[in-house]
Structures are given as structure tokens and as C-alpha cells.
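If you read the sequence shown in my numbering, its first letter stands for residue 299, the second for the next number, and so on.
We put the CB at the ideal spot given by N, CA and C, even for glycine.
Bear in mind that the values here come from a model prediction, so they are computed numbers and not experimental data.
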Amino acid sequence: MKAVHESQRSAQCRPACRSCWWQRVAALIAAFAVVVAVTPALAQPVEIAYNTFLDPANANDPRAAAQTKVLAEFERLNPTIKVRVVVDPPGSNGARTLRTRADSPDVIRATNFQMPEYVATGSLMQLDELVARDKIDPNDWLVPLGKTMVRGHIYGLQQDYRIPILIYRKHLLNDAKVEPPHTWADVCVTGAKLTKANVAGFAIPIGTTGGIGGAQAFGEFHLSTLVSAPDGKYFADDNRTIAFSKDAFIRGAQVIKDQFVKCKSTPMASLQYGYNEVHDGLRADTVAMATFGLYRYRSIQAQGAGEDLAWAPAPGFTPDDPQAVYGFQLTINNFSKQKEAAWQFVKFMASPAAQAIAAQGGEVVARASAYNDPYFASPQGRDQRAWAELIKVRGRQVNYSIIQSTFHQIVADAFQRMVLRNTTPEEAYQEVVTKYNEAIAKTP
Numbered sequence: 299m300k301a302v303h304e305s306q307r308s309a310q311c312r313p314a315c316r317s318c319w320w321q322r323v324a325a326l327i328a329a330f331a332v333v334v335a336v337t338p339a340l341a342q343p344v345e346i347a348y349n350t351f352l353d354p355a356n357a358n359d360p361r362a363a364a365q366t367k368v369l370a371e372f373e374r375l376n377p378t379i380k381v382r383v384v385v386d387p388p389g390s391n392g393a394r395t396l397r398t399r400a401d402s403p404d405v406i407r408a409t410n411f412q413m414p415e416y417v418a419t420g421s422l423m424q425l426d427e428l429v430a431r432d433k434i435d436p437n438d439w440l441v442p443l444g445k446t447m448v449r450g451h452i453y454g455l456q457q458d459y460r461i462p463i464l465i466y467r468k469h470l471l472n473d474a475k476v477e478p479p480h481t482w483a484d485v486c487v488t489g490a491k492l493t494k495a496n497v498a499g500f501a502i503p504i505g506t507t508g509g510i511g512g513a514q515a516f517g518e519f520h521l522s523t524l525v526s527a528p529d530g531k532y533f534a535d536d537n538r539t540i541a542f543s544k545d546a547f548i549r550g551a552q553v554i555k556d557q558f559v560k561c562k563s564t565p566m567a568s569l570q571y572g573y574n575e576v577h578d579g580l581r582a583d584t585v586a587m588a589t590f591g592l593y594r595y596r597s598i599q600a601q602g603a604g605e606d607l608a609w610a611p612a613p614g615f616t617p618d619d620p621q622a623v624y625g626f627q628l629t630i631n632n633f634s635k636q637k638e639a640a641w642q643f644v645k646f647m648a649s650p651a652a653q654a655i656a657a658q659g660g661e662v663v664a665r666a667s668a669y670n671d672p673y674f675a676s677p678q679g680r681d682q683r684a685w686a687e688l689i690k691v692r693g694r695q696v697n698y699s700i701i702q703s704t705f706h707q708i709v710a711d712a713f714q715r716m717v718l719r720n721t722t723p724e725e726a727y728q729e730v731v732t733k734y735n736e737a738i739a740k741t742p
């Protein structure tokens, strides 16, 4: 009888037990659903494409080697995100991506003077909310983030800053018994003493080789500083209207023409020089000095110049003239399918820890707190710290045009004609203004 009662009790409990079991399963499923819902999409492996001019396979470029180290550290810390590097030396792939609104590459490295054009495409993601969300200090930069905005918004995080510096070969100046020039008047005298049959005393690149188009090297190292020198005006806030004055342009054009025609400090061959020609000349001892990019200093040393290479602040109308500064920003493609992963990458690449690694390639990194790293106590690091201070003291942000590359091409044509045909700076000004206004009128 006892067995019957036990059997009956067991039979009565089975439905309840089955019900309990299903309840537990349902609870587990619900809990799992919650976990899945709150776990970021990044829990699933993703790949992002990073558009940059630095080629990981280029063993001769210290910047590329430093980039490889930074990317490896990012992937170590973020094992679900893989980075594919898209090598784009002239920047044409990045520009084409944004103009056509393609969804890849996800992250594009862009210069400050490219930013107005890129923002105008509508293909860059605004980062203001992400910067606020992740509590990124807008003042922990050599130049605060607020000064790098385009049309009132943050579209990129600054990776580095660049200011023109005078780079020269010590033994050539020593042999000529001259000192590095401080002003354009000094360049006229010193450059003439250094110029020989196979040596350019002071190279001024007005050629169109290298860069993203036009005489970019000339615009970067000379024009943007020369014409904005009196008041900091280059282009207006609308990134379309010329803001520099006629007088400022003529003064700048005259000092450039003088180096070719009057002073003989710069050979005519320099009219065809671009980035690579000046770089190779400084490396091979056929250029005595040039106002050039600090970011190439380490490479020129490593490729042959060695300890004979030296630098000084770039000459100006006065020894303390402000210099136009720019750098590279990391931007996110607004049509990327991996925006959160792209943001994590951009945020890391612009972090003090990552920038301390990137600095080992010779860049003047943008984050102010990165300079607390012990690397900056080394001889090479001390140069970069000095360049960072130069940026703080003499650096000036200017507005650029949405057709900056076209402007550079127009300027190159006008300056080459002015020198070769011995026309006036006033004629060059009229040519530049007329052709630029025609070009911008055709731009939406």
C-alpha cells in the first residue's frame, strides 16, 4: 500500500517537475538573451580597413615601423578586432572613398587641409558625442580639439602635428662658414654662398610631385605661412572664400621670386622639386638646406645623412614669425559598417599610450600627456619635444579651402610663370585669385 501511495505521489509530482524544468530552461534562455543584448557587437570578430600612406612593408621608414608596433598593441588589447592596412601614399583612395560614399575603408587618415573638403562630402562621421561619452580630455593636446573643428564639429582626432623647420647639412654650412638663417634676408645671403654646381643652397619645392595634388609641399612649407603671416588669415570660415590680403600675397610672392632671380640662393631646378626631390637632396648632400617637414627628419638621418643632419626654426620675415601648423587626423567613414570598432581603433591610436609608441618613428604626436613617456628623455625624443614646444610657441592654425589641392595647383602654375617669365607678384596674385574664384564657383 505504501508503494502505491509513493507511486501516486510521484505521478502527481511529475507534471509539476516538468513545469519547473521548463521554467528553469526558459529562465536560462532569457538570461542568455539579456547577455547577448548587452554585450557589444565587438564580441564578434570584425575587421576594419585603415587607409594610410605608411606602408608596413617599408623597412626604411621609421614611421612605418612605429605604426606596425601600434597596430600590434591595439590588436593585442582588442583581440576581436583585426586591422587591415590599405596603403595609399597619395591619399587618392581615401578621397575617392569619401566622394563616392563607399563603406570601406572604415578609418581614413586625413590632413587638416583635407578636412574641409572631406567634411563637405558628408562622408565623415561626427565624433563630438563619442568624445564626450568616453570622456576624452579636449585639452590634452598640443592644440586643443576645439581649434581643430570643422564647421563647429569634431570630425577627427589629431594624431600628430607638423610645423615647418629648417633642415640642413652641417658640413656644408661649416665649409661655407655660415650660420643657419633666421630670416628671409638671411636666406638670400646664406643660400647664395651655399649654392654650387651640384648643390642647391636653399631648396624651395614648387613642383607637383608627391602629396595629394598640386604643389602641396610648397603650400605646406611656405605659402600657408607666407600669406597668413600678418594676421593669420588664409581662407574664410566657409572654407571657400580667400581671406589673405593682396599685400600679404605680394610680399610672400616677392620673397620667393627673389630667392630664384635676385639672390640666386635657389636654383631653377627647384621649380620642379616636390617632397621626394628635397628629401633625396638633403639625404644625398645635393641640397644644403630647406624649410621642410620635421616628420622626415628621422628618415633622412637613417638613409644617409646621419649625424651631419641638423635643424633650426624655419626662417621668416622676422625670426619669430608664426608658422602654419597642420597634421593628420584619424577620421571615421560615415558609411562604415563597423563604426564602433572603428571608433575603438581611432580612440586607441590617439591615446597617450599609443602616441608614445608612434613617437618612436619621429612624429610630433598630438597628445600633450604622451610627452611624459621616458622615450622623450632620449636624444631623438628630445628633438621631438623641442618641436612640440615650437608648435606651442610659433604654431598657428589656419583655415583651408574645400578645393585645397586645386588651389595648390593654381599657385604652382602662377609661381612657376612668375619666376621663369620674370613677371610680377601682382600678376601672379591676379592669376591665382581669378583662377581660384572660377574653380570654386564650379564647386557645389
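*Those residues which DSSP pairs with residue 746 across a bridge*: Because residue 746 is not part of the residues shown, which for the chain are 299 to 742, the question remains open.
Review point. Just to confirm, are residue 519 and residue 706 a CB contact at a threshold of 9 Å?
Key: no
- Label residue 617 either buried or exposed according to how many other C-beta atoms from any shown protein chain fall within 10 Å of its C-beta, with 16 as the threshold for buried. exposed
Worksheet item: Which of helix, strand or coil does DSSP assign to residue 637?
Response: helix
- Message: Tell me which residue opens and which closes the alpha helix (DSSP H) that residue 716 is part of.
- Response: 702-718
### Task
With DSSP collapsed to three states, give me the class of residue 469.
helix
Ordered along the chain, which non-local residues of its own chain (more than five positions away) have a Cβ less than 6 Å from that of residue 589? 462, 464, 519 and 612
- Counting contacts by CB-CB distance shorter than 9 Å, is residue 473 in contact with chain D? Among the protein chains of the structure shown there is no chain D, as only one such chain exists.
Between residue 730 and residue 622, is the Cβ-Cβ spacing less than 9 Å?
-> Going by beta carbons, residue 730 and residue 622 fall outside the 9 Å limit.
Please classify residue 580 as buried or exposed, where buried requires at least 16 neighbouring CB atoms within 10 angstroms.
So residue 580 ends up on the buried side.
Considering residue 454, what are the terminal residues of the beta strand (DSSP E) in which it resides?
454-456
Going along the chain, which unbroken runs of the beta strand (DSSP E) with 3 or more residues stay wholly within the segment 603-671? 607-611 and 626-630
Tell me whether residue 456 is buried or exposed, calling it buried when 16 or more other Cβ atoms sit within 10 Å of its Cβ. buried
| request: Report buried or exposed for residue 716, applying the criterion of at least 16 other Cβ atoms within 10 angstroms of its Cβ. | output: buried
Review point. DSSP state of residue 387, grouped into three classes?
Key: coil
**Prompt:** Would you call the CB atoms of residue 673 and residue 586 closer than 9 Å?
**Reply:** no
**Asked** Taking the DSSP output, what are the residues bridged to residue 500?
**Response** Residue 500 is bridged by DSSP to 587.
Within a Cβ cutoff of 6 Å, which residues of the same chain sit near residue 546, ignoring the five residues on either side of it in sequence?
In the same chain as residue 546, and ignoring 5 residues on each side of it, the C-beta atoms closer than 6 Å to its own belong to 525 and 528, in chain order.
Discussion item. Distance check for residue 655 and residue 607, CA to CA, integer angstroms please.
Written reply: If I take the Cα positions, the gap works out to 24 Å.
- prompt: What separation, rounded to the nearest whole angstrom, lies between the Cα atoms of residue 414 and residue 492?
  reply: 40 Å
* Asked: Taking buried to mean at least 16 other C-beta atoms within 10 Å of its own C-beta, is residue 460 buried or exposed?
  -> So residue 460 counts as buried.
- Does the Cβ of residue 421 have 16 or more other Cβ atoms within 10 Å, making it buried, or fewer, making it exposed? buried
Quiz item: Could you give the uninterrupted runs of the alpha helix (DSSP H) lying entirely in the segment 511-559, keeping only those of 4 residues or more?
Solution: 522-526 and 544-559
- Query: For the alpha helix (DSSP H) that contains residue 370, what are its first and last residues?
  - Reply: Where residue 370 is concerned, the enclosing alpha helix (DSSP H) stretches over 360-375.
CB-CB under 6 Å to residue 679, same chain, minus the five flanking residues each way: which ones, in chain order? Beyond the five residues adjoining it in sequence on each side, residue 679 comes within less than 6 Å, by CB distance, of 673 in the same chain, given in chain order.
Exercise for the section: Could you work out which residue in 649, 563, 544 and 453 is closest to residue 494 when comparing CA atoms only? Expected result: 563
**Study point:** Three-way DSSP call (helix, strand, coil) for residue 481 in this model
**Key:** strand
Could you check what DSSP says for residue 742 in three-state terms: helix, strand or coil? Per DSSP, reduced to three states, the secondary structure at residue 742 is coil, with no helix or strand assignment.
Item to complete: Would you kindly work out how many angstroms separate the C-alpha atoms of residue 374 and residue 500, rounded to a whole number?
Response: 46 Å
- Message: Within 10 Å of its beta-carbon, does residue 437 have 16 or more other beta-carbons around it, so buried, or fewer, so exposed?
- Response: exposed
For this session: Identify which residue in 639, 642 and 688 has its Cα closest to the Cα of residue 662.
Result: 688
Practice task
Please say whether residue 702 and residue 504 have beta carbons closer to each other than 9 Å?
Solution key: Taking 9 Å as the cut-off, the beta carbon of residue 504 is found no closer than this to the beta carbon of residue 702.
Count the other CB atoms, across all protein chains shown, that sit within 10 Å of the CB of residue 570; report buried if there are 16 or more and exposed otherwise.
-> Classification of residue 570: exposed, given that the 10 Å Cβ count is below 16.
Along the chain, where does the alpha helix (DSSP H) containing residue 407 start, and where does it finish? Per DSSP, residue 407 belongs to no alpha helix (DSSP H); it is in the beta strand (DSSP E), 405-409.
Check your understanding: Secondary structure at residue 244, three-state DSSP: helix, strand or coil?
Key -> With the chain covering 299 to 742 only, the question about residue 244 has no answer from this structure.
Quick one: any contact between the segment 340-355 and the segment 386-397, if contact means 3 or more CB pairs under 8 Å? Short answer: they touch.
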